[in-house]
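I have placed the structure first, in the form of structure tokens, so that the comments after it can refer back to it.
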Amino acid sequence: MKSVIGADPYVLFDKKSGYYYCYATSNTKHNKTFYIYKSKDLINWEFVDYALDTLKNNWGKDWYWAPECYYNPHNNHYYLFYSARLKDELTKEYFYEDNYEENCKIGVAVSTSPEGPFINITDRPIDYYPYDPNYLDVDKVYKNTFSKDIDLSKRLSAPKGVYLSSIDVNLFFDEDRIYMFYSRCCYRNCIFDEEYQKFIEESNIVAVELDTSWWFDKEAKTMPTIKKEYLSYNNNQRQDKFTNIITYHNEKQAWENGHINDYDNNFGSKRNRRWSEGSTTFTKMLNGEKVYCITYSCNNYQNALYGVGIAFSKNALGPYKKYEKNPIIHQIKEESLYSTGHGTIIEKNGEMYYFLHGRDNVEHDRTLYLAKININSTTDVSVDKVEMCKLIEE
């Protein structure tokens, strides 16, 4: 049996063809990236092609990650959302400085078929400049924020404000509203943790509401835009707003701390970090009430604590309360199950499934897995056995 190679998978059920389509982070081949697979049963998959043509209207340099595909019934087009790192010459345009290393943005490509090819709508990412005006940019006052010899009082003199690097986009359609959830990268989000008395770079799940006019463009030529209330300027410089959704400090859970000692444990070659990424937002009726649910992954996939958490809210933009028994999916060495995370929710025959990546050996590539998820209440969540998907060979 061959496994199905891919990371950060997203699954779309295509009513026209009756197939489930999976889009996943991949290598790049012949200037195309993102795997496309299709399946009738969510277990047995066949390779279709690569999704995105990186030669046409391309704004990205590398780090093509986490594609998600949505069918638009108003114009019969398929929209591929993804993140990538900007070309060097575009960095200053979007981050107002030249040396912003992890300069990731979100792009959108379209196709008339779920099998592609997907072509970028424009040669620019989404017109959105998320900015944190309250962040103390400590990287500008310390040469090494993780050194034990730094003068902590200097952090208060750090300049305020930083632009967000954005990855792992997920759209959530809620009646007549469209929300864009994404992950704020760890880079340039270095927080002093009072409990551990050290700096830790953190990624968070955040969100913005989109205007809906682009969704009704019959020709599928309009890029998504944010709602006006998120649009902001300071001296003619864009500094757009966002809403925090999942952060460690709002509700601390120990399993999220898989990398907070990485600097010392790796002799200074790695940074102390906390990751919250790869989210999927959806709703479920619980006890007659509409509940907003969000799944997300914490830590890096190479860490034993990497896994999937879930949180609940009465509103799309929160506040969300984390499930007390997180993580709901995690490594099980006895079953040779590792690196379980960054998935998507898909419904089939009235049941809910979580489609994710994982590994059966820590030396192997990430491959596709599936597990039935049972959400009985906000205090009762269980996941059935995680099952490896199979590749149908020609």
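The letter at position 299 of the sequence shown is residue 298 when you use numbering that gives the first Met the number 0, and the numbering goes up by one with no holes. Using N, Cα and C, we set each Cβ at its ideal position, and we do this for glycine too. This one's a predicted model, so the numbers in the text were calculated from it and none came from an experiment.
- HIS248 is classed as exposed because its beta carbon has fewer than 16 other beta carbons within 10 Å across all chains shown.
- For the options VAL107, TYR181, ILE120, CYS189, the alpha carbon positioned closest to that of THR144 is the one of CYS189.
- By the C-beta criterion, the segment 370-385 is judged not to be in contact with the segment 36-55, since fewer than 3 inter-stretch pairs fall below 8 Å.
- In the three-state reduction of the DSSP assignment, PHE215 falls in the helix class, which pools H, G and I.
- Under the DSSP assignment, PHE94 falls in the alpha helix (DSSP H) whose first and last residues are 90-94.
- In the structure shown, LEU336 adopts extended strand secondary structure according to DSSP, grouped into three states.
- Taken through DSSP and simplified to helix, strand or coil, VAL3 comes out as coil.
- Judged by DSSP in its simplified three-state form, GLU194 adopts coil rather than helix or strand.
- Annotated as distal: TYR19 and TYR34, with beta-carbon spacing of 9 Å or more.
- As the crow flies, the alpha-carbon of VAL361 is around 19 Å from that of ASP261.
- Within the segment 298-347, the complete beta strand (DSSP E) runs of at least 3 residues fall at 306-312, 337-347.
- Contact between ALA65 and GLY277 is confirmed by a C-beta separation of about 7 Å, below the 8 Å threshold.
- Contact annotation: ALA157 and ASP131 have beta-carbon atoms that are not nearer than 9 Å.
- Bridge pairing for PRO129: ASP239 [DSSP].
- A residue is called buried when at least 16 other Cβ atoms come within 10 angstroms of its Cβ; PRO72 does not meet this threshold and is exposed.
- A Cβ-Cβ distance of about 6 Å is found for the pair GLY308 and TYR295, placing them in contact under the 8 Å criterion.
- When the alpha-carbon of TYR63 is set against those of TYR22, GLN330, TYR69, the nearest one is in TYR22.
- Per DSSP, ASP359 lies in no alpha helix (DSSP H) segment and is marked neither H nor E.
- PRO113 and VAL385 have their C-alpha atoms roughly 27 Å apart.
- For the 9 Å CB-CB criterion, PRO8 and LEU51 do not form a contact.
- Here GLU114 carries a coil assignment [DSSP, helix/strand/coil].
- For ASN188, no alpha helix (DSSP H) run applies, since DSSP gives it neither H nor E.
- Counted as a single uninterrupted DSSP element, the beta strand (DSSP E) harbouring ASN203 occupies residues 203-209.
- Under the three-state reduction of DSSP, ARG123 is assigned to coil, being neither helix nor strand.
- Separation of PHE311 and LYS321 (C-alpha to C-alpha, rounded to the nearest whole angstrom) is 6 Å.
- Secondary structure at GLU228: helix, using DSSP grouped into helix, strand and coil.
- Around the beta carbon of TYR195, a 10 Å sphere encloses fewer than 16 other beta carbons of the protein chains shown; the residue is thus reported as exposed.
- Straight-line measurement puts the Cα of MET284 at about 35 Å from the Cα of GLU333.
- Rounded to the nearest whole angstrom, the CA to CA distance from ASP175 to GLU208 is 11 Å.
- Rounded to the nearest whole angstrom, the CA to CA distance from ASN325 to ILE391 is 34 Å.
- Distance between ASP379 and ASP173, taken at the CA atoms: about 24 Å.
- One alpha carbon belongs to CYS103, the other to SER82, and they sit about 6 Å apart.
- Membership of ASN264 in the alpha helix (DSSP H) is indicated by the continuous run 261-264.
- When the beta-carbon positions are compared, LEU304 and HIS329 come within less than 9 Å of each other.
- In this structure, DSSP gives LYS139 a helical state, which the three-state scheme calls helix.
- Here LYS289 is bridged, per DSSP, to MET284.
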